[in-house]
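See structure below.
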Amino acid sequence: MKKERIYLCLAHMSGREMEFIKEAFDTNWVVPMGPNVTAFEHDLEAFVNKREDKAPLDKKVVCLSAGTAAVHLALIACGVKPGDEVLVQSFTFCASSHPITYLGATPVFIDSERESWNMDPELLEAAIKDRIEKTGKKPKAIIPVALYGMPYQIDKIMEIANRYEIPVIEDGAEGFGSMYNGQALGTFGEYGVLSFNGNKMITTSGGGALICPDEDKAREILWYATQARESYPYYQHEAIGYNYRMSNICAGIGRGQMTVVDEHIAHHKRVQALYCELLKDVKGISMHQNPGPEYDSNFWLCAATLDSELKIKGQENAYNAVVTGAVGGAAGVTHAVSTAVTDCQPNANVEALRVALDAANVEARPLWKPMHKQPVYRNAPAYTNGVSEELFATGICLPAGPYVTEDDVRYIVDVIKNNIE
Ligand SMILES: *Cc1c(COP(=O)(O)O)cnc(C)c1O
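Under the working numbering, think of the first position of the sequence shown as 1162, with each following residue one higher.
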């Protein structure tokens, strides 16, 4: 039994963060702008613009207070207005779709394909045609999501998006450092969303960024992020803006994190490879892997699926008790629930394995519940093929990240094996 709990993914400091924060205090830049923000933006630009065997790109990055804010502002920049529709991957965290509703627009959910688990290009095109037929209008944007860091089929998605002339907002919040054909996620579409929340690939304690196609678009995003002011000597407003800029203190953490990002990503990949190696002969469990040579996932989280026939000890008792508090230590509070089950949930063997890992002091979590199965989106249109629902029923996220040692992975795999009946 481990004395120290093994968490899904914890922020890990490089040791240099305090230097940059101290600099902010020493120079009195304790505000939502300043030298750390500018320097962090440059670091991010250098990181996302580099390409294998090709000249670097020239994308601009604007640092914001959260990845959710980045999604919100990208939608505004794509002209999303009340009554519009936006096509978004259903298999995602709620922050991909919630900002669509902030704008009074409607998310239209697109299911996943089996290889990457991300947006199915065929369903995407079918949805575009059907929305145009049903509403007489084109959807305003397309949001594919790099779930657990895995790249989406961006070449196919971009081909469709270009043909219908619909801008793509890449949600790379979980995919910082993931590449497709040697190019960073977030740089293929019109905009790319990054998140630096406490549990993401790198952290600024809380924060995000938007990758923009050029200087003009970046300035427009920055303008919206700083309350949309006109240049008069007094406050003059001709559009609604937001207070979404990143603080100079947070950016100092980000600069420190950038000194170790390559090492962090390499570690996530090592951990994933070790899970694959140790679980390869275990019948009924499969690790999510890069589906082809064009994919290079950061493996932010390591995900596995369990065959429904696989028997896990105690699965007959799964879901017998109402869960109190948030599974996986989600930030903030959760509403108390009165039932132990919903009409769409992970299979009993997955829940039993989560409970067994928890008892062994290992945090595991079900895959994200598809948005088209969320009660709050019951009225949103959805184009489905059953893939994300099946993955949600059978999948589980295992710990990854800089704090998870190779010994930890061996321990976790032993716990899994010991709980197979
Ligand atoms: C974390 C996350 C976001 C939002 O980022 P925050 O910085 O937490 O606001 C958006 N999309 C996905 C898929 C995420 O996982």
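Using N, Cα and C, we set each Cβ at its ideal position, and we do this for glycine too. Because the structure is a prediction, the values reported are computed rather than measured.
Check, Outcome
"Any non-hydrogen atom of ligand 1 within 6 Å of Thr1555 CB", "no"
"Inter-residue spacing [alpha-carbon to alpha-carbon] between Val1269 and Arg1177", "43 Å"
"C-beta atoms of Glu1307 and Glu1326 nearer than 7 Å", "It is Ala, not Glu, that sits at residue 1307 in the sequence shown. Result no, Cβ atoms of Ala1307 and Glu1326 do not sit closer than 7 Å."
"Alpha-carbon spacing of Val1249 relative to Asp1316, whole angstroms", "17 Å"
"Same chain, Cβ closer than 6 Å to Trp1384, five either side skipped, listed in chain order", "none"
"Whole runs of the beta strand (DSSP E) within the region 1342 to 1396, excluding any shorter than 3 residues", "1352 to 1356, 1369 to 1373"
"Closest by C-alpha distance to His1496, when choosing among Asp1504, Val1484, Gln1506, Pro1507", "Val1484"
"CB of Leu1346 within 7 Å of CB of Pro1312, strictly", "yes"
"Three-state class that DSSP yields for Asn1478 in the structure shown", "helix"
"Touch test, the region 1455 to 1467 against the region 1555 to 1566, Cβ-Cβ under 8 Å, three pairs minimum", "yes"
"Selection from Arg1166, Ala1400, Ala1200, Pro1193 that minimises the alpha carbon distance to Gly1415", "Ala1200"
"8 Å Cβ shell around Tyr1588 - same chain, five flanking residues per side excluded", "Because the chain in this structure spans residues 1162 to 1582, residue 1588 falls outside the shown range and cannot be described."
"Same chain only: Cβ atoms within 8 Å of Val1192, ignoring 5 sequence neighbours per side", "Ser1408, Asn1409"
"Close beta carbons around Arg1275, own chain, < 8 Å, minus the five adjacent residues each side", "Val1548"
"Reference Glu1213; option with closest CA among Arg1526, Trp1529, Glu1455, Lys1430", "Glu1455"
"From Val1223, Asn1580, Asp1219, Glu1180, residue whose alpha carbon lies closest to that of Ile1446", "Asn1580"
"Three-state secondary structure (DSSP) of Lys1221", "strand"
"Close beta carbons around Asn1404, own chain, < 7 Å, minus the five adjacent residues each side", "Gln1388"
"Rounded straight-line distance, which links the Cα of Ala1525 to that of Cys1505", "19 Å"
"In chain order, each beta strand (DSSP E) run of at least 3 residues that lies wholly inside the region 1168 to 1249", "1221 to 1225"
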